[in-house]
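Q: Protein chains in written order, with the working numbering: chain B, 1 to 226; chain H, 227 to 452. All C-beta atoms in this analysis are idealised placements derived from N, C-alpha and C, irrespective of residue type, glycine included.
There are 2 protein chains.
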Amino acid sequence: MPTSTVEDYVKHILLEEQRQPEALVPMGRIAAALDVTPSTVTAMVKTLADSGLVTYEPYGGVRLTPPGRKLAAHVQRRHRLLELFLVQIVGLDWSEVHSEAEHLEHAVSERLIDRIDELLGHPSVDPHGDPIPSAAGVVREPDFPTLLLCPLGAPLRVERVSDQSAEFLRLVERSGLVPGNGLSVESRSETAETVRLRLDSGEEVSLGWRAAAKILVQPLVAAGKA
Amino acid sequence: MPTSTVEDYVKHILLEEQRQPEALVPMGRIAAALDVTPSTVTAMVKTLADSGLVTYEPYGGVRLTPPGRKLAAHVQRRHRLLELFLVQIVGLDWSEVHSEAEHLEHAVSERLIDRIDELLGHPSVDPHGDPIPSAAGVVREPDFPTLLLCPLGAPLRVERVSDQSAEFLRLVERSGLVPGNGLSVESRSETAETVRLRLDSGEEVSLGWRAAAKILVQPLVAAGKA
DNA sequence: TCTTGAATTTCGAGTCATCAAAATTCTAAT
DNA sequence: ATTAGAATTTTGATGACTCGAAATTCAAGA
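(1) At a Cβ threshold of 9 Å, is VAL90(B) touching chain H?
(2) Since ARG115(B) meets chain H, which of its residues come closer than 8 Å, beta carbon to beta carbon?
(3) Against chain B, which members of the region 278–300 of chain H pass a CB distance test of less than 9 Å?
(4) Excluding the 5 residues preceding and the 5 following ARG366(H) in the sequence, name in chain order all residues of the same chain whose CB lies nearer than 6 Å to its CB.
(5) If you scan the region 183–226 of chain B from start to end, which runs of the alpha helix (DSSP H) of 4 or more residues do you find wholly inside it?
(6) For the beta strand (DSSP E) that THR42(B) lies in, which residues bound it at each end?
(7) Could you tell me whether any Cβ in chain B is nearer than 9 Å to the Cβ of ARG337(H)?
(8) Secondary structure at GLU385(H), three-state DSSP: helix, strand or coil?
(9) Give the secondary structure of LEU290(H) by DSSP, where H, G and I count as helix, E and B as strand, and everything else as coil.
(10) Decide yes or no for the touch test of the region 194–214 of chain B against the region 261–274 of chain H: beta carbon pairs closer than 8 Å, at least 3 of them.
(11) What is the DSSP secondary structure of THR5(B), reduced to helix, strand or coil?
(12) Can you tell me the Cβ-Cβ gap for GLU419(H) and TRP435(H), rounded? I've got them flagged as a contact below 8 Å.
(13) Give a yes or no on whether the minimum CB-CB distance between ALA259(H) and chain B is below 9 Å.
(14) So what does VAL351(H) bridge to, in DSSP terms?
(15) Using CA atoms only, rank isn't needed, just tell me which of ILE342(H), ARG337(H), VAL323(H) and ILE339(H) is closest to VAL108(B).
(16) Going by beta-carbon coordinates alone, are GLU331(H) and LEU312(H) separated by less than 9 Å?
(17) Thinking ILE239(H) and VAL288(H) are a contact (beta carbons under 8 Å), I'd like their distance in whole angstroms, please.
(18) On the DSSP bridge assignment, give the partners of TYR56(B) in chain order.
(19) Does the region 341–349 of chain H touch the region 388–404 of chain H, meaning 3 or more C-beta pairs lie closer than 8 Å?
(20) For PRO107(B), return the contacting residues in chain H, with the cut-off set at a CB-CB distance below 8 Å.
(21) Name the chain H residues that come within less than 8 Å of GLU96(B), Cβ to Cβ?
(22) Along the region 116–131 of chain B, where does the CB come closer than 8 Å to a CB of chain H? Name the residues.
(23) Against chain H, which members of the region 183–217 of chain B pass a CB distance test of less than 8 Å?
(24) Compute the minimum distance between the beta carbon of GLY182(B) and the heavy atoms of the ligand NAD, and state whether it is under 8 Å.
(25) Can you tell me whether VAL178(B) is helix, strand or coil according to DSSP?
(26) Which value, in whole angstroms, describes the spacing of the CA atoms of PRO228(H) and TYR235(H)?
(27) For SER165(B) versus ILE215(B), is the C-beta spacing smaller than 9 Å?
(28) On a CA-only basis, which of VAL205(B), ARG170(B) and THR191(B) is nearest GLY182(B)? Give me that one, please.
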């Protein structure tokens, strides 16, 4: 069985690959994500390569092998199912479930995860809108525009929030930008680097560009649900 | 923070102290409980003593210090709340929750455990009838007679099952001896080393002495609930 | 092409938890 | 009192993971 350290490494490598497909994942990113020194990553990555979980190009970076990808997808599945479970069944706040799931993902049995999956009705996304890999390890990664890149004025629905920090999630919740909610982009200011939003509730909110880029949306064709 | 290994050591030491108060816990028992070699226990116990969690008498055994006892009670609390949670909320079978909780007990946050405690209505015993320590770390250890030592013929209620192995628990469930159920002891046979039971449901069951000693019961005064 | 600064790797070392084999200590029976 | 046998401790070693400091490599600009 892989140790929880190994699971953490492949999990973060997968995350990096998902945000930049094609590219090799450089050591530095892994070190930053796991909060360890670069020399530790170099050492660890070699043992991952020995176990056949990644391919390693010195001074280049790593890429998951099929077995590595499968393991990583399983960890991601556990993590995201746990997050949803903790929000929906246990009643924790979505801003606190990420760090909780971080620990639990290495401790839950396959049996328990299956039961949780069943309890939740085989969901396809977690509370942040991130897709949940299937039991077979397949991930569907749809590619939504952000509030920074979507058309002005058109009706939108929040699909996904791509920052798991508790602080950001609390802001999102306060602003009414949780996945599922409807809104439209009123205007963008190049100089102020802000985006002005009108929520379906009528409220107006403005976000900085960094924040706006983290909110992924689905343009709705008419008033219906695309 | 204590490592999960340290938590496991103090947890099992507490368990041994609970079944034999007064006595020092010998190394061998710990080694057997944790499935490690005696030399490992000796080494580990020294570091526990250095951390002030146990007092160690070479060739004698160990005893928990107040801080050690407190830590152990917290682990026990997490374990038992998790067992009850997995049975009542998640719907797992009570024969499988022990090993699941064994892993989760080291991964859950204080926050989550408090939430689970609340969700369950601050229960006082787990599915096996084992008492759940309070958040402050206090354990109430009532002392019930077993099916081997209780009066014959008198009405009884199953209080507790002191063997967590999945196999034994499945037997207990099949026989209708889960905590809460009523019964009486018909007879005991010295030579066959068996106990003959009559359940409130009317069924008759017989158990060997080893098994009977693991079922703790409460003698009921009349027909009411004592 | 040369140089320089950032990223990466190498090297030496340390912690934690574990084991097997050998030595020691204790206990209980003679 | 001796002593055999069980329990325990000592010793030396290993694997997994980590660090810091020094050396190396790479890529980009002069």
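A: For this structure:
(1) Numbered from 1 along the first sequence, position 90 holds the residue referred to as residue 90(B). Yes, its Cβ sits closer than 9 Å to a Cβ of chain H.
(2) Sequence index remark: in the first sequence, residue 115(B) carries index 115 (1-based). Simply VAL316, GLY317 and LEU318.
(3) Taking 9 Å as the upper bound on Cβ-Cβ separation, chain B lies near no residue of the region 278–300 of chain H.
(4) Along the second sequence, one-based indexing puts residue 366(H) at 140. The answer, listed in chain order, is PRO357.
(5) For the region 183–226 of chain B, the continuous alpha helix (DSSP H) assignments of 4+ residues that do not extend past its boundaries occur at 209–212, in sequence order.
(6) For the purposes of this step, residue 42(B) is taken as residue 42 along the first sequence, with counting starting at 1. It is not in any beta strand (DSSP E) - THR42(B) instead sits in the alpha helix (DSSP H) that spans 38–50.
(7) Working through the second sequence from its first residue, we reach residue 337(H) at position 111. Closer than 9 Å: yes.
(8) Within the second sequence, residue 385(H) is the residue found at index 159, counting from 1. In this structure, DSSP gives GLU385(H) an extended state, which the three-state scheme calls strand.
(9) Residue 290(H) sits at position 64 when you count from the first residue of the second sequence. For LEU290(H), the three-state secondary structure derived from DSSP is strand.
(10) Contact annotation: the region 194–214 of chain B does not touch the region 261–274 of chain H, with fewer than three C-beta pairs closer than 8 Å.
(11) Working through the first sequence from its first residue, we reach residue 5(B) at position 5. It is helical.
(12) Mapped onto the second sequence, residue 419(H) falls at position 193. Mapped onto the second sequence, residue 435(H) falls at position 209. That belief holds up - the Cβ atoms of GLU419(H) and TRP435(H) are roughly 5 Å apart, short of 8 Å.
(13) The residue you call residue 259(H) lines up with position 33 of the second sequence. It does not; no Cβ of chain B falls within 9 Å.
(14) Counted from its first residue, the second sequence places residue 351(H) at position 125. Answer is PRO357(H).
(15) Residue mapping note: residue 108(B) aligns to position 108 of the first sequence, counting from 1. Of ILE342(H), ARG337(H), VAL323(H) and ILE339(H), the residue nearest in Cα terms is VAL323(H).
(16) Sequence index remark: in the second sequence, residue 331(H) carries index 105 (1-based). Sequence index remark: in the second sequence, residue 312(H) carries index 86 (1-based). Not in contact: GLU331(H) and LEU312(H) (Cβ atoms no closer than 9 Å).
(17) Translated into positions along the second sequence, residue 239(H) becomes position 13. Translated into positions along the second sequence, residue 288(H) becomes position 62. Right, the Cβ-Cβ distance comes to about 6 Å (below 8 Å), so this counts as a contact.
(18) Numbered from 1 along the first sequence, position 56 holds the residue referred to as residue 56(B). Partner residues in the beta bridge of TYR56(B), as assigned by DSSP, are VAL62(B).
(19) Cβ pair count under 8 Å is below three, so no.
(20) Indexing the first sequence from 1 puts residue 107(B) at position 107. It should be pointed out that residue 107(B) corresponds to Ala in this sequence rather than to Pro. The answer, in chain order, is HIS329, LEU330, HIS332 and ALA333.
(21) Residue numbering aside, residue 96(B) sits at position 96 when the first sequence is read from its first letter. Under the 8 Å cutoff, chain H gives ARG337.
(22) Within the region 116–131 of chain B, the qualifying residues are ILE116 and LEU119.
(23) Result list empty, no residue passes.
(24) As far as ligands go, the structure on display features none, and thus does not contain the ligand NAD.
(25) Numbered from 1 along the first sequence, position 178 holds the residue referred to as residue 178(B). DSSP places VAL178(B) in coil when its eight states are reduced to three.
(26) As a first step, residue 228(H) must be located in the second sequence, where it is residue number 2. As a first step, residue 235(H) must be located in the second sequence, where it is residue number 9. Distance from the CA of PRO228(H) to the CA of TYR235(H), rounded to the nearest whole angstrom, comes to 11 Å.
(27) Here the question's residue 165(B) lines up with position 165 in the first sequence. Here the question's residue 215(B) lines up with position 215 in the first sequence. No. Outside cutoff.
(28) The count along the first sequence starts at 1 and reaches residue 182(B) at position 182. Minimum Cα distance to GLY182(B) is reached at VAL205(B).
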